[in-house]
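Colleague: Same order as they appear, the protein sequences are chains A and B.
Each residue of the first sequence is one higher than the last, beginning at 1 in the UniProt record's numbering.
Each residue of the second sequence is one higher than the last, beginning at 1 in the UniProt record's numbering.
C-beta: ideal position from N, C-alpha, C; glycine also.
Computed from a prediction, not measured in an experiment: that's the story for all the values here.
Number of protein chains: 2
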Amino acid sequence: MADQHIVKQFDEELDEMRATIAQMGGMVEQQMTNAIMAISRRDEVMAKRCQEADSEIDAMEDKIEALTTRMLALRQPVALDLRAILAALKIAHNLERMGDYAKNVAKRASALAQLPEVGPVNGIVRMGRLTHGIIKDVLDAYAEPNVDKAVAAWTRDQEIDQMYNSLFRELLTYMMEDPRNITACAHLLFVAKNIERIGDHATNIAETVYFQEKGTRLEGLRPKSDRTSYAVVEPPEADEAI
Amino acid sequence: MADQHIVKQFDEELDEMRATIAQMGGMVEQQMTNAIMAISRRDEVMAKRCQEADSEIDAMEDKIEALTTRMLALRQPVALDLRAILAALKIAHNLERMGDYAKNVAKRASALAQLPEVGPVNGIVRMGRLTHGIIKDVLDAYAEPNVDKAVAAWTRDQEIDQMYNSLFRELLTYMMEDPRNITACAHLLFVAKNIERIGDHATNIAETVYFQEKGTRLEGLRPKSDRTSYAVVEPPEADEAI
Numbered sequence: 001m002a003d004q005h006i007v008k009q010f011d012e013e014l015d016e017m018r019a020t021i022a023q024m025g026g027m028v029e030q031q032m033t034n035a036i037m038a039i040s041r042r043d044e045v046m047a048k049r050c051q052e053a054d055s056e057i058d059a060m061e062d063k064i065e066a067l068t069t070r071m072l073a074l075r076q077p078v079a080l081d082l083r084a085i086l087a088a089l090k091i092a093h094n095l096e097r098m099g100d101y102a103k104n105v106a107k108r109a110s111a112l113a114q115l116p117e118v119g120p121v122n123g124i125v126r127m128g129r130l131t132h133g134i135i136k137d138v139l140d141a142y143a144e145p146n147v148d149k150a151v152a153a154w155t156r157d158q159e160i161d162q163m164y165n166s167l168f169r170e171l172l173t174y175m176m177e178d179p180r181n182i183t184a185c186a187h188l189l190f191v192a193k194n195i196e197r198i199g200d201h202a203t204n205i206a207e208t209v210y211f212q213e214k215g216t217r218l219e220g221l222r223p224k225s226d227r228t229s230y231a232v233v234e235p236p237e238a239d240e241a242i
Numbered sequence: 001m002a003d004q005h006i007v008k009q010f011d012e013e014l015d016e017m018r019a020t021i022a023q024m025g026g027m028v029e030q031q032m033t034n035a036i037m038a039i040s041r042r043d044e045v046m047a048k049r050c051q052e053a054d055s056e057i058d059a060m061e062d063k064i065e066a067l068t069t070r071m072l073a074l075r076q077p078v079a080l081d082l083r084a085i086l087a088a089l090k091i092a093h094n095l096e097r098m099g100d101y102a103k104n105v106a107k108r109a110s111a112l113a114q115l116p117e118v119g120p121v122n123g124i125v126r127m128g129r130l131t132h133g134i135i136k137d138v139l140d141a142y143a144e145p146n147v148d149k150a151v152a153a154w155t156r157d158q159e160i161d162q163m164y165n166s167l168f169r170e171l172l173t174y175m176m177e178d179p180r181n182i183t184a185c186a187h188l189l190f191v192a193k194n195i196e197r198i199g200d201h202a203t204n205i206a207e208t209v210y211f212q213e214k215g216t217r218l219e220g221l222r223p224k225s226d227r228t229s230y231a232v233v234e235p236p237e238a239d240e241a242i
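(1) Using a Cβ-Cβ distance under 8 Å, would Ser110 (chain B) count as near chain A?
(2) Between the Cα of Tyr174 (chain B) and those of A:Thr173, A:Pro179, A:Tyr174, A:Glu170, spot the shortest distance and give me the residue it belongs to.
(3) Would you kindly work out how many angstroms separate the C-alpha atoms of Arg75 (chain A) and Glu12 (chain B), rounded to a whole number?
(4) Strictly under 8 Å for the Cβ-Cβ distance: is Asn104 (chain B) near chain A by that measure?
(5) With distances taken Cα to Cα, identify the nearest neighbour of Ala150 (chain B) among B:Glu234, B:Val138, B:Lys193.
(6) With a threshold of 8 Å between beta carbons, is Leu167 (chain A) in contact with chain B?
(7) Sorted by chain position, which residues of the same chain lie with C-beta nearer than 7 Å to Glu196 (chain B)'s C-beta, five sequence neighbours on each side aside?
(8) Mind checking Val28 (chain A): buried by the 16 CB within 10 Å criterion, or exposed?
(9) Alpha carbon to alpha carbon, how far is Met46 (chain B) from Gln51 (chain A)?
(10) From Arg129 (chain A) to Gln4 (chain A), what distance separates their C-alpha atoms?
(11) Quick one: residues in its chain with C-beta nearer than 6 Å to the C-beta of Leu171 (chain A), no 5 flanking neighbours on either side, listed in chain order?
(12) Grouping DSSP H, G and I as helix and E and B as strand, with all else coil, what is Ala241 (chain A)?
(13) Helix, strand or coil for residue 322 (chain B)? Go by DSSP, reduced to three states.
(14) Could you check which residue in A:Arg126, A:Ile134, A:Lys107, A:Ile85 has the C-alpha nearest to that of Gln212 (chain A)?
(15) Can you pull the chain B neighbours of Leu179 (chain A), defined as C-beta to C-beta under 7 Å?
(16) Taking 8 Å as the CB-CB cut-off, is Glu240 (chain A) touching chain B?
(17) According to DSSP, is Pro235 (chain B) helix, strand or coil?
(18) In three-state DSSP terms, what is Asp3 (chain B)?
(19) In chain order, which alpha helix (DSSP H) runs of at least 4 residues are fully inside the stretch 64–131 of chain B?
(20) What's the C-alpha gap between Ser110 (chain A) and Ile124 (chain A)?
(21) If you measure from the beta carbon of Phe211 (chain A) to each beta carbon in chain B, is any gap under 8 Å?
(22) Roughly how far, in whole angstroms, is the beta-carbon of Leu95 (chain A) from the beta-carbon of Met24 (chain A), given that I think they are within contact range, below 8 Å?
(23) Going by beta carbon distance, what residues of the same chain come within less than 6 Å of Val233 (chain B), once the five residues before and after it are set aside?
(24) Relative to the C-alpha of Ile135 (chain B), which candidate in B:Asn122, B:Val209, B:Ala231 has its C-alpha closest?
(25) From Thr33 (chain A) to Ala38 (chain B), what distance separates their C-alpha atoms?
(26) Grab me the residues of Met176 (chain A)'s own chain with a C-beta within less than 6 Å of its C-beta, minus the 5 sequence neighbours each way, in chain order.
(27) For Gly26 (chain B), which three-state DSSP category applies?
(28) Using a Cβ-Cβ cut-off of 8 Å, state whether Ile182 (chain A) counts as contacting chain B.
(29) Are there 16 or more other CB atoms within 10 angstroms of the CB of Lys103 (chain A), so buried, or fewer, so exposed?
(30) Decide if Ala238 (chain A) is buried, meaning its Cβ has at least 16 other Cβ atoms within 10 Å, or exposed.
(31) Grab me the residues of Lys107 (chain B)'s own chain with a C-beta within less than 8 Å of its C-beta, minus the 5 sequence neighbours each way, in chain order.
(32) Going along chain A, which residues have a C-beta under 9 Å from Phe10 (chain B)?
(33) Starting from Ala186 (chain A), find everything on chain B with Cβ-Cβ shorter than 7 Å and list it in chain order.
(34) Roughly how many whole angstroms lie between the Cα atoms of His132 (chain A) and Ala35 (chain A)?
(35) Classify Asp58 (chain A) as helix, strand or coil using the three-state DSSP reduction.
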């Protein structure tokens, strides 16, 4: 009876851990939506809200660390349970990073509000929506859990990288056309990079779900499609320039 | 006797874990030195070496994950030992991120080699040296362990942020002066940001050392000094421009 009682308690703790991850994931999704809105509307109030929400997300990571450390110390889990606990720790860390990047995206709204509007903001919004969809999918993959869904989301990260590549070039071209665009576009370069990093963390979560369920690594490195580190964009020739 | 034997084995495993962290830290230090050299000399061979070294650093993180998971499962540690194991896991993760950022710095050497040289590269080299010093200090703080050294390194991260602020503005000014500088300076913006992120991860390690030793959080949030998200840099007025 005493043993059964302990097992039941432990199951409840594991459930609480998973529910906390789901709640934290929901907060990161909301943060992402708000950050993109802050940038597209150059909305400083929304940017401030993102900044406040970030500390709530940090607090959730602390909560998951406390829960998992307690379980490791008191329940001394092995095999599947140990894997689930270490997976939750990793996922919480990834979600915290995603929240942080979203906050950094939102922060730039106030600089953008003081600068001339530039076109590539629309591309940023599209990239943000795509990334938000992928975050939703990996969180569903964790909650169900569903390995196929995790792998599908993991593969779609390439689409984010491709959008980032186009945006990188587009932003540089805007800068070359008119020096008054340079500061806004430099901020948008970082916004685009941060969204691309959020996508990378989403794929990390997909990998963790896979490992938790299968006990092996997701095989075959996904081809990295962010090629911008090598990009050379030339300004138009002097005689072609207006 | 059997108990003593188990205790001795566990101590050896903890020693191995710490030695592996030290080795991984040394690799990240070397990676940092090589990445800065690749950028300052626009040296594509060195950049390629950094790329190869990154997978060795990743393998070290895997090794530490395997070691710690095994200890958690077989030794079921509590209190100080549990804290040391979770600290090693966190530090390995931070070192992996630092290695990754350093690789990303080095990667941009090949784009830079095809572009006109720009002045702010010297500032990048100084920022890289400062960051390298802080990495060395937090690794020493972990190895000894020495809480005071960890706190001192943690505080010095502000210097990195300040250098990053100046570089951000300097790079934007170079872009505004001549559109031919734009691509090189965009790459250097990311290089500077990556070094700043490496510094952030070094402070995370300092915080982990503090928590491992004291069991409490490093009090008082260090003031964040990266203010570039809010920076508005204006091009010179048309009539002032050459």
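Modeller: Per the coordinate set shown:
(1) Yes, because at least one Cβ of chain A sits closer than 8 Å to the Cβ of Ser110 (chain B).
(2) Per the Cα distances, A:Pro179.
(3) Roughly 24 Å between the two C-alpha positions.
(4) At least one chain A Cβ lies under 8 Å of Asn104 (chain B).
(5) When each option's Cα is compared against that of Ala150 (chain B), the closest is B:Val138.
(6) No, because no Cβ of chain B sits closer than 8 Å to the Cβ of Leu167 (chain A).
(7) Closer than 7 Å at Cβ, skipping near neighbours: Ile160, Asp161, Tyr164, Asp226.
(8) With 16 or more other Cβ atoms within 10 Å, it is buried.
(9) Here the alpha carbon of Met46 (chain B) sits roughly 39 Å from the alpha carbon of Gln51 (chain A).
(10) Near 46 Å, if we compare the C-alpha coordinates of Gln4 (chain A) and Arg129 (chain A).
(11) Pro120, Cys185, Leu188, Leu189, listed in sequence order.
(12) Note that Ala241 (chain A) scores 38 on pLDDT, short of 50, meaning its location in the model is unreliable; the coordinates nonetheless yield the value given after this. The three-state reading of DSSP puts Ala241 (chain A) in coil, since its state is none of H, G, I, E or B.
(13) In this structure chain B extends from 1 to 242, so residue 322 (chain B) is not present and cannot be described.
(14) Residue A:Ile85 is the option with its Cα nearest to Gln212 (chain A).
(15) For clarity, residue 179 (chain A) is Pro in the given sequence; the question names Leu instead. Under the 7 Å cutoff, chain B gives Met176, Pro235.
(16) The pLDDT assigned to Glu240 (chain A) is 42, lower than 50, so where the model puts this residue is not dependable; a value taken from the coordinates is nonetheless given after this. For Glu240 (chain A), the answer is no, since every Cβ of chain B falls outside 8 Å of its Cβ.
(17) In the structure shown, Pro235 (chain B) falls within a coil segment according to DSSP collapsed to helix, strand and coil.
(18) Asp3 (chain B): helix per DSSP, three-state reduction.
(19) Taking only runs of at least 4 residues, the alpha helix (DSSP H) segments lying wholly in the stretch 64–131 of chain B are 79–107, 109–113.
(20) Those two C-alpha atoms are separated by around 16 Å.
(21) No, Phe211 (chain A) lies away from the interface with chain B (no Cβ there is under 8 Å from its Cβ).
(22) That pair is a contact at about 5 Å.
(23) Here the set comprises Arg169, Leu172.
(24) Here the closest residue by C-alpha is B:Val209.
(25) It is roughly 38 Å from the alpha-carbon of Thr33 (chain A) to the alpha-carbon of Ala38 (chain B).
(26) The answer, listed in chain order, is Pro235.
(27) Three-state DSSP puts Gly26 (chain B) in a helix.
(28) It does; some Cβ of chain B falls within 8 Å.
(29) Its Cβ being crowded by 16 or more others within 10 Å, Lys103 (chain A) is buried.
(30) Residue placement at Ala238 (chain A) is poorly supported in this model, since its pLDDT is 45, which falls under 50; the coordinates still yield a value, given next. Exposed.
(31) These residues qualify, in order along the chain: Ala47, Cys50, Gln51.
(32) The contacting residues do not exist; Phe10 (chain B) stays about 14 Å from chain A at best.
(33) Correct list: Leu172, Leu189.
(34) So the alpha carbons of these two residues sit roughly 11 Å apart.
(35) Taken through DSSP and simplified to helix, strand or coil, Asp58 (chain A) comes out as helix.
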